[in-house]
Amino acid sequence: MRTELLELSRRLRRRVRDDRAAAWKLSPAAESGAASDPALRLRRLAERIEACRLCGLGAARIKSVPGVGCPRARVMFIGEGPGFSEDRRGEPFVGRAGELLDRILAAIGLSRETVFIANVVKCHPMKDPAARDARANDRPPAPEETAACRPYLDEQIAIVRPAVLVTLGLSAARCLLASEEPMGRLRGRWSKVVVAGSELDLLPTYHPAALLRNPALKKDVWADMKALKSRLEA
Ligand code: SF4
Numbered sequence: 000m001r002t003e004l005l006e007l008s009r010r011l012r013r014r015v016r017d018d019r020a021a022a023w024k025l026s027p028a029a030e031s032g033a034a035s036d037p038a039l040r041l042r043r044l045a046e047r048i049e050a051c052r053l054c055g056l057g058a059a060r061i062k063s064v065p066g067v068g069c070p071r072a073r074v075m076f077i078g079e080g081p082g083f084s085e086d087r088r089g090e091p092f093v094g095r096a097g098e099l100l101d102r103i104l105a106a107i108g109l110s111r112e113t114v115f116i117a118n119v120v121k122c123h124p125m126k127d128p129a130a131r132d133a134r135a136n137d138r139p140p141a142p143e144e145t146a147a148c149r150p151y152l153d154e155q156i157a158i159v160r161p162a163v164l165v166t167l168g169l170s171a172a173r174c175l176l177a178s179e180e181p182m183g184r185l186r187g188r189w190s191k192v193v194v195a196g197s198e199l200d201l202l203p204t205y206h207p208a209a210l211l212r213n214p215a216l217k218k219d220v221w222a223d224m225k226a227l228k229s230r231l232e233a
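Numbering (numbering that gives the first Met the number 0), first residue to last: 0 to 233.
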């Protein structure tokens, strides 16, 4: 009995010592586990994005907007860049366009928690960076800003490893497809793209903000979402 108690006490002391060590430093095994944990890798990437000033957008924006959603999502939605509300929240697709995107996702059984949502650029492109509190100060990202930020998107895709990319709007479609075609020709057409060494299915559709301006586009987006649902269920 005494021997068993001594052994138990020895084990407890070892456990306390190991726990203390783990509290300030990850073991090599834990480090390698962290390296393969997509949620942790996305958080670390978000910290790098927050510190980034690689292009001029980083100087004027309030919050960086790296992306949100499931770290192992099967589908990634990619928009153009943050706007006024996103810049303040640090989250993509908030405000009226974001609410519409939520409804579109719900219509095909998806949600913000089951997909990943990101943008081509992670900082708010403004027409006048000196007036960052002004509304309607948004603009599409310039090619050099898109090029500077693209490695972050590629890294997100490499971490999440989605099966399908859905681009929202012309800038995102052109960026991912390296195309100059108009939205009317790109939308609803499946393509294969290679990102970070993996071949992915890509479907361009309209940006929710375009639907708010022109509700007639809803039928096209609904057709695209039904095609997406079929592809995910195949
Ligand atoms: S937009 Fe992208 S590249 Fe430019 S500062 Fe922000 S995170 Fe960096």
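Think of the CB as a built atom: it goes at the ideal place given N, C-alpha and C, for glycine as much as any other residue.
For clarity, every value in this text was computed on a predicted model and none was experimentally measured.
query, result
"Buried versus exposed call for residue 118 [16 or more other C-beta atoms within 10 Å across all chains shown]", "buried"
"Segment limits, alpha helix (DSSP H) that includes residue 93", "Premise fails: residue 93 is in no alpha helix (DSSP H) and is neither H nor E."
"Segments of 4+ residues assigned as alpha helix (DSSP H) that fall wholly inside the segment 33 to 71", "37 to 50 and 56 to 59"
"Residues near residue 60 by beta carbon distance below 6 Å, same chain, minus five either side", "86, 122 and 123"
"Nearest-angstrom Cβ-Cβ length linking residue 244 and residue 207, presumed shorter than 8 Å", "Nothing in the structure corresponds to residue 244, since the chain is present only between 0 and 233."
"beta-carbon residue 234 near ligand 1 non-hydrogen atom, thresh 7 Å", "Only positions 0 to 233 of the chain appear in this structure, which leaves residue 234 out of reach."
"Residue 167 beta carbon less than 8 Å from that of residue 113", "no"
"Chain-ordered residues, beta carbon under 5 Å from a heavy atom of ligand 1", "48, 51, 53, 54, 56, 57, 120, 121, 122, 147 and 148"
"Local Cβ density within 10 Å of residue 215, reported as buried at 16 or more and exposed below that", "exposed"
"The segment 82 to 96 contacting the segment 177 to 185, beta-carbon criterion three pairs below 8 Å", "no"
"Anticipated Cβ contact below 8 Å, residue 192 with residue 201, distance rounded", "5 Å"
"Euclidean distance between Cα positions of residue 164 and residue 142", "21 Å"
"Buried or exposed by the 16-neighbour rule on C-beta atoms within 10 Å, applied to residue 130", "exposed"
"Limits of the alpha helix (DSSP H) - the one that residue 182 falls within", "182 to 185"
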